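Enquirer: What follows is a structure written as structure tokens; I'll ask about it next.
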Amino acid sequence: LDLVKMMLRFQLLPNALLGDLLQFYCSVKLSPENWNLQRVLLNPDLDPKKDIVEAVITTLIFGVKSSAAQTEVAVLKLADLIEDENPILADTLRNGRFVDDLADSHMSVEECKKTMESANELFQNFGLECKGWALTGVKPSEEISADGQTLMVGGLKFKPELDCLEVPVPPLHFGSKSRGRLVIGTEVFDGQFAEDMEKFVPKKLTKKHIFSKFMSIFDIFGKYVPALSTLKADLRKVVKETEAWDMPGVM
9 LDLVKMMLRF QLLPNALLGD LLQFYCSVKL SPENWNLQRV LLNPDLDPKK DIVEAVITTL
69 IFGVKSSAAQ TEVAVLKLAD LIEDENPILA DTLRNGRFVD DLADSHMSVE ECKKTMESAN
129 ELFQNFGLEC KGWALTGVKP SEEISADGQT LMVGGLKFKP ELDCLEVPVP PLHFGSKSRG
189 RLVIGTEVFD GQFAEDMEKF VPKKLTKKHI FSKFMSIFDI FGKYVPALST LKADLRKVVK
249 ETEAWDMPGV M
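For the sequence shown, position 110 matches number 118 in our numbering, and the numbering has no gaps at all.
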């Protein structure tokens, strides 16, 4: 729901603003009375001959279930704190954010820049920092864009200079992922659609293969619904012709 609210807000008015909070979890510090909850044994050089050091992680950290909820509460309290002074920014923090992504839109570029400047000033006072900002009509910086043209927001590709959103279609492969990345050595299809595709697709194509490719498309606004709805009829046929997930279908 928070993601949908952010994306709707992002597209509501003509000029969009997008920010990426830096090291979001690690920006929230633990109270000293809670330091005992994150004690670790550390060997900085991984040298078995050296003594193990007892260390304390004094901020929120990845892999701890409560970290996500604690960051949410921290930002909501920050919004409450500035409500009277800057209600527009407070509203952005409450309804225009999903985890470490900030997104909003205004009628003018000047309003976007004002929100950006007031957010930077606020974050500086509370130990937060934005890695970078993107504005409609402006080429994004290298800090937030790998190719200097696009950046991800809500699972979509945003091209601020062109002011357009694109539903990304992931590359076709039949490998597996580890920590969200393709395993090294996975072959990705880069040929022509007809003859090369025939060679690329496994001869023993399974139900798991087919469903995973269908579900890999994240389309939050349903732009591809006409095409994907047709594919669902094919999925129904796949289910009828197979029993187990790893059972090859009838070719």
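Even glycine gets a Cβ: it sits at the ideal position worked out from N, Cα and C.
These numbers come from a predicted model, not from an experiment.
#1: Could you give the residue range of the alpha helix (DSSP H) that holds A7?
#2: Between which two residues does the beta strand (DSSP E) carrying S113 extend?
#3: Using beta-carbon positions only, say whether I60 and Q46 come within less than 8 Å of one another.
#4: How many angstroms separate the CA atom of L143 from the CA atom of S220?
#5: For N103 versus K13, is the C-beta distance shorter than 8 Å?
#6: Using the C-alpha atoms, what's the distance from E151 back to A252?
#7: DSSP three-state call for S3: helix, strand or coil?
#8: Between the stretch 166–178 and the stretch 189–204, do at least 3 Cβ pairs fall closer than 8 Å?
#9: Return the first residue and the last residue of the beta strand (DSSP E) that M160 is part of.
#10: Are F166 and L11 closer than 8 Å when you measure CB to CB?
Expert: Put simply:
#1: A question about residue 7 goes unanswered here, because the residues of the chain that appear run from 9 up to 259.
#2: Annotation: the continuous beta strand (DSSP E) that includes S113 extends over 109–114.
#3: The answer is no: Cβ separation not under 8 Å.
#4: Straight-line measurement puts the Cα of S220 at about 35 Å from the Cα of L143.
#5: Less than 8 Å separates the beta-carbon of N103 from that of K13.
#6: The alpha-carbon of A252 is positioned some 46 Å away from that of E151.
#7: The structure shown has nothing for residue 3, since the chain only spans 9 to 259.
#8: In short, these stretches do not touch, since the Cβ pair count stays below three.
#9: Membership of M160 in the beta strand (DSSP E) is indicated by the continuous run 159–161.
#10: For the pair F166 and L11, the CB atoms are not nearer than the 8 Å cut-off.
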